[in-house]
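Below you'll find the structure, written out as structure tokens, and then a few comments.
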Amino acid sequence: MLPQNSKFSYLLLLSGLVIIFSFSYNIYKEFSGSASCNESTNFIDGLGGPIELIDQNESFFSLEDQDTRLSLVYFGYSYCPDICPYDLERNAYVKDIMDEKQLDINLIFITIDPSRDTADRLKDFSEFIHDSMIALTGSKDEIDSLKKEYGVFGRSNKIDNEDQSYLVDHSTFSYLINKDGRVLTFFNRRETPEKMSEKIECFY
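So this is what it looks like as structure tokens:
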């Protein structure tokens, strides 16, 4: 039998090890990039809506008519010099990961610059990003309405009507939505494809 002092020291040491292990595990979870399905998977109230636009093949696109349950949506513009291509390449990789898991998902790009992003322009752009990407355009009013419904910021620095080399400042979130256009979750630019795919899998 251990002496009283030794027993107390042993228990103190054991308690310390438990605390250290618990702290280390929480730090690991924080930085390991693993997603947890214990997180809320409810709709984000007041964000999202139906999508009915024209795709890169000049065909009418309706989100609710799609066979695929979930869609990963990004708002941007094809003339974007760096941010949009980078984010869309990441989303395309997420699409490939989900395909490998046999979990189908739509990869959707919606322009916030409809005056320049015609269907023909988006056809070339979509082929550059991913062969299954759905690229959508519409009237200015239709795009402005969607921007409002999805909380998307977008503002051009166009000087006049002759200026065709303008840039567009815009938000850079990617939205996971269902067929009704309800936003399930969203991702910022720092999210990795692996972490995004793990989170998306929670909704299947």
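Take the sequence shown: its position 82, counting from 1, is numbered 138 in the working numbering, and each next residue is one higher. Cβ coordinates follow ideal geometry from the N, Cα and C atoms, glycine included.
Report task. Output the boundary residues of the beta strand (DSSP E) element that contains Ser212. Result -> To locate residue 212, count along the sequence shown from 1; it is residue 156. Counting along the chain, the beta strand (DSSP E) containing Ser212 begins and ends at Gly210 to Ser212.
Requested in this report: With DSSP as the reference, label Ile215 as helix, strand or coil.
Outcome: What you label residue 215 is simply residue 159 of the sequence shown in a count that begins at 1. Three-state result, Ile215: coil.
Requested in this report: Can you say whether Thr241 is buried or exposed, counting buried as having 16 or more other CB atoms within 10 angstroms of its CB?
Outcome: Here residue 241 refers to the residue found at position 185 of the sequence shown. By the neighbour-count rule (16 or more Cβ atoms within 10 Å), Thr241 is buried.
Query raised in the report: At a cut-off of 7 Å, is Ser253 close to the ligand ADP when judged by its beta-carbon and the heavy atoms of the ligand?
Result: The model depicted lacks the ligand ADP and carries no ligand whatsoever.
Query raised in the report: Looking at the unbroken beta strand (DSSP E) that takes in Ser182, where does it start and where does it end?
Result: On the sequence shown, position 126 is the one that residue 182 refers to. Per DSSP, Ser182 belongs to no beta strand (DSSP E); it is in the alpha helix (DSSP H), Ala175 to Ile185.
Query raised in the report: Would you say the segment 117-124 touches the segment 152-159, given that touching needs at least three Cβ pairs under 8 Å?
Result: No, the segment 117-124 is not in contact with the segment 152-159.
Query raised in the report: Per the contact definition of three or more C-beta pairs closer than 8 Å, is the segment 199-215 in contact with the segment 178-191?
Result: Taking a cut-off of 8 Å on C-beta distances, the segment 178-191 does not touch the segment 199-215, as fewer than three cross pairs fall below it.
Report task. Please confirm if the segment 215-224 is in contact with the segment 242-256, defined as three or more CB-CB distances below 8 Å between the two stretches. Result -> In short, these stretches do not touch, since the Cβ pair count stays below three.
Query raised in the report: Would you call Ile139 buried or exposed, if buried means 16 or more other Cβ atoms sit within 10 Å of its Cβ?
Result: Reading the sequence shown from its first residue, position 83 is the one you call residue 139. Exposed, because fewer than 16 other Cβ atoms sit within 10 Å of the Cβ of Ile139.
Query raised in the report: What residues match up with Tyr231 in a beta bridge as DSSP calls it?
Result: Along the sequence shown, one-based indexing puts residue 231 at 175. Looking at the DSSP assignment, Tyr231 forms a beta bridge with Val129 and Phe242.
Query raised in the report: Near Phe117, which residues of its chain fall below 8 Å by C-beta distance, leaving aside the five closest residues on each side in sequence?
Result: For the purposes of this step, residue 117 is identified with residue 61 of the sequence shown, where counting begins at 1. Only Ile107, Glu108, Leu109, Ile110, Asp111, Ile190 and Leu192 meet the Cβ criterion.
Query raised in the report: How long is the line joining the alpha carbons of Glu247 and Tyr231, rounded to whole angstroms?
Result: Working through the sequence shown from its first residue, we reach residue 247 at position 191. Working through the sequence shown from its first residue, we reach residue 231 at position 175. Cα to Cα, Glu247 sits roughly 12 Å from Tyr231.
Requested in this report: With a 10 Å radius around its C-beta and 16 neighbouring C-beta atoms as the bar for buried, classify Ser90 as buried or exposed.
Outcome: Sequence index remark: in the sequence shown, residue 90 carries index 34 (1-based). At Ser90 the pLDDT is 47, less than 50, meaning the model places this residue with poor confidence; the figure from the coordinates comes in the next sentence. It counts as exposed.
Requested in this report: Measure the alpha-carbon distance for Glu198 versus Lys151 and round it to whole angstroms.
Outcome: Locating residue 198 in the sequence shown gives position 142, counting from the first residue. Locating residue 151 in the sequence shown gives position 95, counting from the first residue. Cα to Cα, Glu198 sits roughly 26 Å from Lys151.
Query raised in the report: Taking C-alpha atoms, which residue in His226, Arg146 and Lys196 lies nearest to Asp173?
Result: For the purposes of this step, residue 173 is identified with residue 117 of the sequence shown, where counting begins at 1. Distance check between Asp173 and each of His226, Arg146 and Lys196 places Lys196 closest, using alpha-carbon atoms only.
Report task. Put Glu247 into one of helix, strand or coil per three-state DSSP. Result -> For this step, residue 247 is matched to residue 191 along the sequence shown. In the structure shown, Glu247 adopts coil according to DSSP, grouped into three states.
Report task. Can you tell me which of the three DSSP states Leu144 falls into? Result -> In the sequence shown, the residue the question calls residue 144 occupies position 88. Looking at Leu144 - three-state DSSP - the assignment turns out to be helix.
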